[in-house]
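Enquirer: Next up is a structure, given as structure tokens.
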Amino acid sequence: MVVKYLPRILDKDLEKYLTMIGAILIVGPKWCGKTTTAEQHAKSVLKLQDKDNYKTNMMWADIEPYRLLKGEKPRLIDEWQVAPVLWDSVRTSVDESEGYGLYILTGSTVVDEDSIMHSGTGRIHRMLMRPMSLYESGESNG
Numbered sequence: 001m002v003v004k005y006l007p008r009i010l011d012k013d014l015e016k017y018l019t020m021i022g023a024i025l026i027v028g029p030k031w032c033g034k035t036t037t038a039e040q041h042a043k044s045v046l047k048l049q050d051k052d053n054y055k056t057n058m059m060w061a062d063i064e065p066y067r068l069l070k071g072e073k074p075r076l077i078d079e080w081q082v083a084p085v086l087w088d089s090v091r092t093s094v095d096e097s098e099g100y101g102l103y104i105l106t107g108s109t110v111v112d113e114d115s116i117m118h119s120g121t122g123r124i125h126r127m128l129m130r131p132m133s134l135y136e137s138g139e140s141n142g
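Letter 98 of the sequence shown, counting from 1, is numbered 98 in full-length UniProt numbering, and no numbers are missing.
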């Protein structure tokens, strides 16, 4: 069964920021739709917690994290915080490419700030996603 995607209020802003900055970080509570929404805008996806590829993904994150960034852009990196080194890899990639809309990062777990070398300012824009509103679900007209 394919579930129809219900557009979110965040979609328009996400689309706008993908034309203005190298990477977007979508944060919010579990099950609020971060990954599903990001998938609507991504051209390739890396799900770090995929059980079939978890060990391989973690190996590459440890030895050559840039390999995990390869893929059509924008590339969604879901649950990026499982491999915090990817934050700095994304930042470096954005610096080197000088492009926009390269990466969308999603995750709901808090990251240990000591594991990140740079804040991402000017390269990674943070967007907060809330659970679906009654307006978004069609249960209210706003």
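Quick reminder that beta carbons are idealized off the backbone N, C-alpha and C, glycines included.
In this text, all values refer to a predicted model and were calculated from it rather than measured experimentally.
Please state whether DSSP places Lys-47 in a helix, a strand or coil.
Expert: By 1-based counting over the sequence shown, the position of residue 47 is 47. The answer is strand: DSSP assigns Lys-47 an E or B state.
Enquirer: Let me know if Pro-29 comes out buried or exposed under the rule of 16 or more other beta-carbons within 10 Å of its beta-carbon.
Expert: Locating residue 29 in the sequence shown gives position 29, where the first residue counts as 1. So Pro-29 ends up on the exposed side.
Enquirer: Assign Thr-19 to one of three DSSP states: helix, strand, or coil.
Expert: As a position in the sequence shown, residue 19 is number 19, starting the count at 1. The answer is coil: DSSP assigns Thr-19 none of H, G, I, E or B.
Enquirer: Give me, in chain order, the residues of the same chain whose beta-carbon lies closer than 7 Å to that of Met-58; leave out the 5 immediate sequence neighbours on both sides.
Expert: The residue labelled residue 58 in the question sits at position 58 within the sequence shown. Only Ala-83 meet the Cβ criterion.
Enquirer: Leu-134 lies in the alpha helix (DSSP H); which residues open and close that run?
Expert: Within the sequence shown, numbered from 1, the residue matching residue 134 stands at position 134. Start and end: 134 to 137.
Enquirer: His-52 by DSSP, collapsed to three states: which one?
Expert: On the sequence shown, residue 52 is found 52 positions in, with the first residue counted as 1. Here residue 52 is Asp; the residue named in the question, His, does not match the sequence. Coil.
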